[in-house]
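Colleague: Below you'll find the structure I mean.
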Amino acid sequence: MQRIDRIAEPWGTRTPYGPGESWPTRVDTHLADGLTEEDVDRWVQSASILHSNGDALDIAVKDERIVGVRGREGDRVNHGRLGPKDLFGWQANNSPERLTKPLIRRKGKLVETDWETAMSAVAGRCTELLEEQGPSAISFYTTGQLFLEEYYTLGLIAHGGIGTNHVDGNTRLCTATAAAALKETFACDGQPGSYSDIDHADVIALYGHNMAETQTVLWTRVLDRLAGPNPPKVVCVDPRMTPVARAATVHLAPRPGTNVMLMNALIHEIIANGWIDREYIQAHTVGFDELEKMTEEYTPEVAAEVCDVPAEQIREAARVLGQAERLLSTVLQGFYQSHQASAAAVSVNNINVIRGMLGKPGCGILQMNGQPTAQNTREAGADGDLPAFRNWSNDSHVQDLARVWNVDPMEIPHYAPPTHVMQMMRYIEEGTIRFMYVTATNPAVSLPELARIREVLAQDRLFLVVQDIFLTETAQLADVVLPAATWGEKTGTFTNVDRTVHLSEKAVEPPGEARPDLDILLDFAHRLGLEDKDGAPLVKWSDAEGAFEGWKECSRGRPCDYSGMSYDKLRGGSGIQWPCNDEHPDGTERIYVDGQFWAQPEYCESYGRDMITGAPVEETEYKALNPTGRAVLKAAEYTGPHEMPSQEFPFQLITGRTLYHFHTRTKTARAPQLDAAAPEVWVEMSASDATDRGLTEGDVLEVTTPRGRVRARLRISGVRPGVLFLPFHYGYWDTEKGSQPKKKEAGRAANELTVTDWDPVSKQPIFKTAAAQVERVASGKGKPAPAPTTTGSAPVTGAVPPTVGGDSARAQELVGGQA
Ligand SMILES: Nc1nc2c(c(=O)[nH]1)N[C@H]1C(S)=C(S)[C@@H](COP(=O)(O)OP(=O)(O)OC[C@H]3O[C@@H](n4cnc5c(=O)[nH]c(N)nc54)[C@H](O)[C@@H]3O)O[C@H]1N2
Ligand SMILES: Nc1nc2c(c(=O)[nH]1)N[C@H]1C(S)=C(S)[C@@H](COP(=O)(O)OP(=O)(O)OC[C@H]3O[C@@H](n4cnc5c(=O)[nH]c(N)nc54)[C@H](O)[C@@H]3O)O[C@H]1N2
Ligand SMILES: [Mo]
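What follows is the structure, given as structure tokens:
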């Protein structure tokens, strides 16, 4: 047993292993200072809620408080390991700043109130507007951080009860493109890959995915393969020198926004060299000829020019991908939040499909999720889609859902695609949406172009309900704030990237009067008097397990089939991968085995969209294209990013994450070890750009775009020349002033700068390319930027002290076989 500083060593100790072997276990534990395992009263089963990886863990409880966590050794996902956010993030639950009472706006100010007053205000205003204007006045904006049971209930209330089409999740900002890419290629959401593909792969390709910082435990698995015999080759596509890039066999650092150009060149090379599985293509796909034709002109030389990557490097990457025998591909925000997001992500699918690398150990695609429960937002229909991957443009699917809910099919809106959140903001701006119920998301920091968002959300004619666990920037704009219980204080299930479902049990009571999100939603439904077509209550459950049972029925026979699971079955052992049903009682490791897809016109979730315009494909067109339900190869030509550098704004700005923080930091800033590792915003620039401008590490800069300004210290890092990187974690709730930046004032949230623009197919906002300028406002006086040294933000100049956590950051590691 050893105690490791897991701030200084985020991935912990290596446990090397070889191809086809099982990943050794390593049980990681962190308890509050001074406590040992003997002091713990009980351990309660759960999984991590601070990323999409689904690290299984047990919550340590002492004196009815959470005092730590321990990885679950027997779980298929993490084999006992935990990442820094897992190890330290739980402390936020115990923060004295938690919301403990409902708040209501009186004379312009939020004041404490009781639940009765708060809920009758919420339900009352909703009812009024339904009478005045109808369902089009009402909108819901949820998250990827609640539980499956809560999303399913929310979707039922919004779609089956109120009948509004204005339902979306922050998953729109996050992994709408993952869903879109899977729907384009396989006509259905759901990840083809399994995490155990890492154990078998000989090539792992990461596209715009900084796995080392964003799924630290999954990266630990890759590091352990890299440290073992016959390691896999790693291909990394990222304009920054991330830890993934440093570990890569080939690192391509394209200009932001040029992913489709690069992908077309890679596909061109793979086809030109015959590195394709013609038999598989013939038997299981449609669209190959168009793909070949479309990519014909995209030679490595053409791409080299546009992407500013040497042609020889593109050839080298194509060779590695083309000669792989077991290829695992992963995709995340560097593709999803960049220009031509869906087209780029679909191209990654194309590579695996034309190489016939699907449904076999080591051959997988992970169109990654980011948030812990984002998969469930999508499955349960809380992102506006219909539950259980039903197709809103297939009338028989709508009828089937109406049967499950016992409502009239005409009451379920399906006349048009669901309203995405950026469109909802527009409708609020125009005044047609007048009620927005926000659950577990902080749009006043996370949406693009914040000056506009603040204005939209602060309007008097909008009734804004915010259900959160802290008084966030968004909550400060609300008419009613509802205090929620969170992870560890309520029970429910959630599903990670590789379809593994975990149960997370209630460990302790929530603080004060805070209530589980599910209970609040049930209360709301009852107050609205929502009924089914026989006059019985629409929502037929009163607790999480009841909601799960309802969901099982809704999912029966659909791809994401949970009908074979139960809370009992999820207790004790490992998480279970869907589909889990009579045929597969223990779940399903890999889908799309032997070229079998869920793409049949009658069964599929989606007929797809046009890759350039985003217009939905009609049923008849889809039937003609893909009558027997094969994988669809779709190609798109490259078009340049909308906002290109100019003389006034010479840089390309990208935004993203750091290892130690989660999103708008409402949780991680309240965990001292995590906060100290990256306490303030910074901006990254390459050494050559800094030298050209006479800037040094730590200088205080102002970054400007046509939308706003942000002030941050300079970190000279391995980002490619011409590009600036800003972490998007830093809002203003924890600043001295705690208030939004005034007009003309520099802020610290990256989204002061980002642009109101989205991908035409997935409607995901483009957070990763905008034109920007920098100006030095003060010398750093020798003080370095507050950025970590352990990550993609590692300094390349000057003497910057290494990021360490010290004694309070030591976690216990018990490597398998050690006693
Ligand atoms: N530590 C931590 N982990 C997290 C989260 C967190 O907040 N903190 N959030 C979770 C969530 S919700 C998500 S969605 C995931 C996100 O996980 P990631 O997608 O891995 O994280 P990002 O930093 O947003 O972006 C990844 C990379 O995209 C690169 N990039 C930017 N523009 C381009 C481009 O045009 N082309 C290419 N090829 N690359 C580009 C950036 O340099 C960056 O390194 O992380 C999850 N895990
Ligand atoms: N510029 C830029 N912007 C981005 C991104 C980027 O890379 N760059 N990434 C985008 C992505 S991928 C994402 S996922 C979003 C994330 O953006 P947000 O969703 O706005 O970020 P969070 O801070 O995770 O907000 C979640 C909120 O839910 C609250 N919460 C936590 N648990 C519970 C619970 O159990 N119940 C309730 N009711 N509330 C709870 C938290 O306190 C927090 O306020 O940001 C997006 N915005
Ligand atoms: Mo995300």
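Counting in this note's numbering, the sequence shown tops out at residue 814, every number present. We treat Cβ as the ideally placed atom computed from N, Cα and C, and that holds for glycine.
Drop a sphere of 10 angstroms on the beta-carbon of Gly635, count the other beta-carbons inside from all chains shown, and report buried for 16 or more, exposed for fewer.
Modeller: Gly635 comes out exposed.
Colleague: Is it buried or exposed for Asp529, if we count other Cβ within 10 angstroms and need 16 for buried?
Modeller: Asp529 comes out exposed.
Colleague: Ser803: which of Asp28, Ala765, Leu477 sits nearest, CA to CA?
Modeller: For the residues Asp28, Ala765, Leu477, the minimum Cα distance to Ser803 belongs to Asp28.
Colleague: Evaluate the contact criterion for the region 158 to 169 versus the region 197 to 207: three or more CB pairs, one atom per stretch, below 8 Å.
Modeller: Too few Cβ pairs lie closer than 8 Å, so no.
Colleague: Just to confirm before moving on: does the CB-CB distance between Leu748 and Val714 stay below 8 Å?
Modeller: Taking 8 Å as the Cβ cut-off, Leu748 and Val714 do not qualify as a contacting pair.
Colleague: Can you give the beta carbon distance from Gly717 to Asp752, rounded, assuming they're within the 8 Å contact cut?
Modeller: No, Gly717 and Asp752 are not in contact; Cβ-Cβ is about 20 Å, not under 8 Å.
Colleague: Of the choices Gly559, Gln595, Arg604, Met606, whose alpha-carbon is the least far from that of Thr583?
Modeller: When only C-alpha atoms are compared, the closest one is Gly559.
Colleague: If you reduce the DSSP assignment to three classes, tell me which class Trp873 lands in.
Modeller: As shown, the chain starts at -4 and ends at 814. That puts residue 873 outside it, with no answer to give.
Colleague: Skipping 5 residues on each side, what residues in its chain have a beta carbon closer than 7 Å to that of Asp729?
Modeller: Excluding positions up to five away in sequence, the list reads Ala664.
Colleague: Is it the case that the CB of Gln366 approaches a heavy atom of ligand 3 more closely than 7 Å?
Modeller: Yes; taking the cut-off as 7 Å, the Cβ of Gln366 has a heavy atom of ligand 3 nearer than that.
Colleague: What are the boundary residues of the alpha helix (DSSP H) that Glu68 is part of?
Modeller: Neither: Glu68 is in no alpha helix (DSSP H) and is coded neither H nor E.
Colleague: Under 7 Å: does the beta carbon of Ser774 sit that close to some heavy atom of ligand 1?
Modeller: Answer for Ser774: no, Cβ out of range of ligand 1.
Colleague: Compute the Euclidean distance between the alpha carbons of Lys758 and Gln418, then round it to the nearest angstrom.
Modeller: So the alpha carbons of these two residues sit roughly 9 Å apart.
Colleague: Ignore the nearest five residues each way along the sequence and tell me which others in Arg120's own chain have a CB closer than 7 Å to its CB.
Modeller: Answer for Arg120: Phe430, Phe458, listed in chain order.
Colleague: Using 8 Å as the threshold, is the region 623 to 642 in touch with the region 355 to 366, meaning 3 or more CB pairs across them?
Modeller: Taking 8 Å as the limit for Cβ pairs, the verdict is that the region 355 to 366 does not touch the region 623 to 642.
Colleague: Hey, is Thr436 close to ligand 1, as in C-beta under 7 Å from one of its heavy atoms?
Modeller: No, Cβ of Thr436 sits at least 7 Å from all heavy atoms of ligand 1.
Colleague: Considering only their Cβ atoms, is the gap separating Thr414 from Gly379 smaller than 8 Å?
Modeller: Yes.
Colleague: Alpha carbons only, please: which of Gly507, Glu264, Arg421, Asp272 is nearest the one belonging to Glu296?
Modeller: Selected option, being the one with the closest Cα: Glu264.
Colleague: From what residue to what residue does the alpha helix (DSSP H) around Lys629 run?
Modeller: Counting along the chain, Lys629 falls outside any alpha helix (DSSP H), and DSSP gives it neither H nor E.
Colleague: Please report the straight-line C-alpha distance between Thr122 and Ala116, rounded to a whole angstrom.
Modeller: Between Thr122 and Ala116, the C-alpha separation is close to 10 Å.
Colleague: Going by beta carbon distance, what residues of the same chain come within less than 6 Å of Asp518, once the five residues before and after it are set aside?
Modeller: If we look at Asp518 and ignore the five residues flanking it on each side, its Cβ neighbours are Met114.
Colleague: How about the region 484 to 495 and the region 135 to 145: do they share at least three Cβ pairs that are nearer than 8 Å?
Modeller: The region 484 to 495, when compared against the region 135 to 145, does touch it at the 8 Å Cβ threshold.
Colleague: Let me check one thing: in DSSP terms, what residues is Gln768 bridge-paired to?
Modeller: DSSP, once it has assigned bridges, lists Thr699 as partnering Gln768.
Colleague: In this structure, does DSSP put Ser712 in helix, strand or coil?
Modeller: Of the three classes helix, strand and coil, the one that applies to Ser712 here is coil, per DSSP.
Colleague: Going by DSSP, what residue range makes up the beta strand (DSSP E) through Met680?
Modeller: Taken as a continuous stretch (DSSP letters only), the beta strand (DSSP E) holding Met680 covers 677 to 680.
Colleague: Quick one: using the 10 Å Cβ neighbour count with 16 as the cut-off for buried, is Val772 buried or exposed?
Modeller: Classification of Val772: exposed, given that the 10 Å Cβ count is below 16.
Colleague: What is the DSSP secondary structure of Tyr432, counted as helix, strand or coil?
Modeller: Three-state result, Tyr432: strand.
Colleague: Across the region 177 to 192 and the region 535 to 543, are there enough close Cβ pairs to call them in contact, namely three or more that are closer than 8 Å?
Modeller: No, because fewer than three Cβ pairs between the region 177 to 192 and the region 535 to 543 fall closer than 8 Å, the two stretches do not touch.
Colleague: Check for me: the alpha helix (DSSP H) holding Ile309 runs from which residue to which?
Modeller: Segment 306 to 318, the alpha helix (DSSP H) holding Ile309.
Colleague: What residue range is occupied by the uninterrupted beta strand (DSSP E) comprising Glu808?
Modeller: Counting along the chain, the beta strand (DSSP E) containing Glu808 begins and ends at 805 to 810.
Colleague: On the three-pair Cβ rule with 8 Å, is the region 276 to 296 touching the region 319 to 330?
Modeller: No contact exists between the region 276 to 296 and the region 319 to 330.
Colleague: How far does the beta strand (DSSP E) with Tyr202 in it reach, from first residue to last?
Modeller: Start and end: 198 to 202.
Colleague: Could you tell me the alpha carbon to alpha carbon distance between Ala814 and Pro5, rounded to whole angstroms?
Modeller: In this predicted model, Ala814 has a pLDDT of only 46, less than 50, meaning its place in the structure is not dependable; the value taken from the coordinates is given anyway. Taking the straight line joining both Cα atoms gives about 23 Å.
Colleague: Which whole-angstrom value is the C-beta distance of Ser41 and Ser499, which I expect to be below 8 Å?
Modeller: Yes, they are in contact, since the Cβ atoms of Ser41 and Ser499 sit about 4 Å apart, within 8 Å.
Colleague: Under the criterion of a Cβ to heavy atom distance below 7 Å, does Cys169 qualify as lining ligand 2?
Modeller: Under cutoff, so the answer is yes.
Colleague: Spatial neighbours of Asp403 within its chain, please: CB distance less than 6 Å, with the 5 preceding and 5 following residues excluded, ordered by chain position.
Modeller: Counting only Cβ-Cβ distances below 6 Å, and skipping sequence neighbours, we find Lys528.
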